[in-house]
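Below is one structure, written out as C-alpha cells; the observations come after it.
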Amino acid sequence: MQPFSYRNGALYVEGVALTVIAEEFGTPCYVYSRGGIEGAWRAFDSAFGSHPHLVCYAVKANGNLAVLNLLARLGSGFDIVSGGELERVLSAGGDPGKVVFSGVGKRADEMLRALEVGIHCFNIESLPELQRLDQIASRIKVRAPVAIRINPDVDAKTHPYIATGTNANKFGIPAREAEAVYAEAMDLAHIEVRGIAVHIGSQLTRLEPVLEALDQVLGLVARLDAQGIALRHIDIGGGLGIRYREESPPTPAAYAQAILTRLGGEPLSVITEPGRAVVGPNGVLLTRVEYLKDVEQRHFAIVDAAMNDLVRPALYDAWHDIVPVERRPGPERRYDIAGPVCESGDFLGSGRALNLSSGDVLAVCAAGAYGASMSSTYNTRPRAAEVLADGERIHLVRRRGTVQDLMREEVIPPG
Ligand SMILES: *Cc1c(COP(=O)(O)O)cnc(C)c1O
Numbered sequence: 168m169q170p171f172s173y174r175n176g177a178l179y180v181e182g183v184a185l186t187v188i189a190e191e192f193g194t195p196c197y198v199y200s201r202g203g204i205e206g207a208w209r210a211f212d213s214a215f216g217s218h219p220h221l222v223c224y225a226v227k228a229n230g231n232l233a234v235l236n237l238l239a240r241l242g243s244g245f246d247i248v249s250g251g252e253l254e255r256v257l258s259a260g261g262d263p264g265k266v267v268f269s270g271v272g273k274r275a276d277e278m279l280r281a282l283e284v285g286i287h288c289f290n291i292e293s294l295p296e297l298q299r300l301d302q303i304a305s306r307i308k309v310r311a312p313v314a315i316r317i318n319p320d321v322d323a324k325t326h327p328y329i330a331t332g333t334n335a336n337k338f339g340i341p342a343r344e345a346e347a348v349y350a351e352a353m354d355l356a357h358i359e360v361r362g363i364a365v366h367i368g369s370q371l372t373r374l375e376p377v378l379e380a381l382d383q384v385l386g387l388v389a390r391l392d393a394q395g396i397a398l399r400h401i402d403i404g405g406g407l408g409i410r411y412r413e414e415s416p417p418t419p420a421a422y423a424q425a426i427l428t429r430l431g432g433e434p435l436s437v438i439t440e441p442g443r444a445v446v447g448p449n450g451v452l453l454t455r456v457e458y459l460k461d462v463e464q465r466h467f468a469i470v471d472a473a474m475n476d477l478v479r480p481a482l483y484d485a486w487h488d489i490v491p492v493e494r495r496p497g498p499e500r501r502y503d504i505a506g507p508v509c510e511s512g513d514f515l516g517s518g519r520a521l522n523l524s525s526g527d528v529l530a531v532c533a534a535g536a537y538g539a540s541m542s543s544t545y546n547t548r549p550r551a552a553e554v555l556a557d558g559e560r561i562h563l564v565r566r567r568g569t570v571q572d573l574m575r576e577e578v579i580p581p582g
C-alpha cells in the first residue's frame, strides 16, 4: 500500500486528507500510517520465511506507545537501548521475552529490571559490562542470556555519525578480542551464552558492508564452535536504509535473501533489528508557513516546525522531501524552509521549488523515524502532536505538549 498519496491535488494519509488533520490537530504535527508501518514490519518478517527468526523493532527510531502496540500485536520483538525503552515496550503490551538490550552504557538498575522481567538477550559491548551483569544476575539467582556484540571494523558507507562498525568508534568488541571474552563468559556462573551480535550502522544503502560483517561473524562462530562454544542465534542488527532522495536501498526481501544465503546450512536462528525501514517512510511532519521573507537573493519560508521537532537536517545535513498538502498551479520559487529557532542551523530544507503563500501547510516526508524520538524542547517549544491514521480514522497518539509540561519539573529555590 502507498501510505501517502495525492488525490486531485490533495495529499492523503490512507483515507484522510492531511489538511483535515492540520485543521483538527494543529501544526507542527507528526502523522503516521498504520497500514504502512504494519506492511513494513511484515515485509521483514516474511522475508526470513521459514528460517527461525525474530524481528526486533528498534524502539529508538520511534518509541510512541501506539506504534509499539501495533508492532507488539503483530508479534514483534524489540531492540532497546535503555531502561526507559524497556518500560515503553512493557507499557505498550510488548513481550519481554522478545526483547534484546543493546547499548554500551547499561546501568546496574537497568540490567536488574531487564533480568527481573526476563528479556530474551543482552547484547554485551565490553568485558566490564559482562562482569557487572554476572554480579547482578547472581544477586537475584538467575542466569543472564547474552550475545557478544562484535565490532567487525567495516566501513558502512554511511554518515559518520551513524556508522558504528569501525574500530574508531565505541561500539562492540573487536573481533580479535571476542574469543577471549566468550571464554570468560563461559566461566561466569550467572551468564548463559546464547548468541553473537553485530550492527554496523544506519541508513545502509548497500549490502556489501553488511555481508562483509556477517562473514567475519560467521568465521568467529566457526572458531567458537571448534572450541565447544555453540551459539544459538546470530543478531545481524538493523540499519537498512530508506529512500529520502535518490537512494535505492535493498528491499527487506533482498536483504534477508542475501543473509540467508550467506548463512547456508548454519542452524543459527536470526535476529534482525530494523528501525528506520519500519517507520521512516510511514510518517510525515506537518508544518504551516508563517511568513515568506526575501533576504538578498534568497527566499525564506519561515514555518512553525523547527530543528527541535526534526533535528536530522541540522544534525546530519539530511534531506527530506518537502511537499505541499494542497497543490496549487502557479510559478514556483526556490525556498529555504526554516524554523523559528534562534540558530542558523535551524532549517528543514534549502532551495526547494514551491509555490507558497503564508498559511500553507507543508508535509516534511519520510519523517517517521528519528523525528519525534529525537525531538527536544529547545527554545521552550512544546513537543509536536502525533497522530496515527488507520483507514478513514485518525487517532491522537500524543497530545501536543504545553509550556506547563516544560516547566513542571523545575523549582525556584526559596530566598
Ligand atoms: C539504532 C540501532 C538499530 C536500528 O537502526 P536503524 O537504522 O533504525 O534500522 C538497531 N540496532 C542497534 C544496536 C542500534 O543501535
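Numbering (the numbering used here), first residue to last: 168 to 582.
By construction, the Cβ of each residue, glycine as well, lies at the ideal position given by its N, Cα and C atoms.
Remember, predicted model here, so these are calculated numbers, not experimental data.
Beta bridge pairing from DSSP links G450 with Y199. In this chain, the beta strand (DSSP E) harbouring D557 covers 552-557. Per DSSP, the beta-bridge partners of P341 are N318. The C-beta of L355 has 16 or more other C-beta atoms within 10 Å across all chains shown, which makes the residue buried. By the Cβ-count criterion, P434 is exposed, with fewer than 16 other Cβ atoms from all chains shown falling within 10 Å of its own Cβ. Secondary structure note for A335: it is in no beta strand (DSSP E), with a DSSP letter that is neither H nor E. Restricting attention to beta strand (DSSP E) runs no shorter than 3 residues, the stretch 249-297 encloses them at 266-268, 288-291, ordered along the chain.
DSSP places Y173 in the uninterrupted beta strand (DSSP E) bounded by 171-174. Between the stretch 399-413 and the stretch 180-191, the count of C-beta pairs closer than 8 Å stays below three; the two stretches do not touch. About 13 Å separates the beta carbons of R361 and A304, which is beyond the 8 Å limit, so they are not a contact pair. The Cβ atoms of N522 and R560 do not sit closer than 8 Å to each other.
Non-local beta-carbon contacts of D503 in its own chain, meaning distances under 8 Å to residues more than five positions away in sequence, involve R465, H466, F467, A468, F514, G516, S517, G518, R519 in chain order.
A heavy atom of ligand 1 is found nearer than 7 Å to the CB of H366. Assigned with DSSP and collapsed to three states, A207 falls in helix.
For V437, the shortest separation between its Cβ and any heavy atom of ligand 1 does not lie below 7 Å. Unbroken beta strand (DSSP E) runs of no fewer than 3 residues, entirely contained in the stretch 355-392, are found at 358-364, following chain order. Around the Cβ of A335, a 10 Å sphere holds fewer than 16 other Cβ atoms; the residue is exposed.
The C-beta separation of P195 from D471 comes to about 6 Å, placing the pair in contact by the 8 Å criterion. Residue side-chain check: V248 places its Cβ nearer than 7 Å to a non-hydrogen atom of ligand 1. Straight-line measurement puts the Cα of I286 at about 21 Å from the Cα of W208.
Around the beta carbon of Y199, a 10 Å sphere encloses 16 or more other beta carbons of the protein chains shown; the residue is thus reported as buried.
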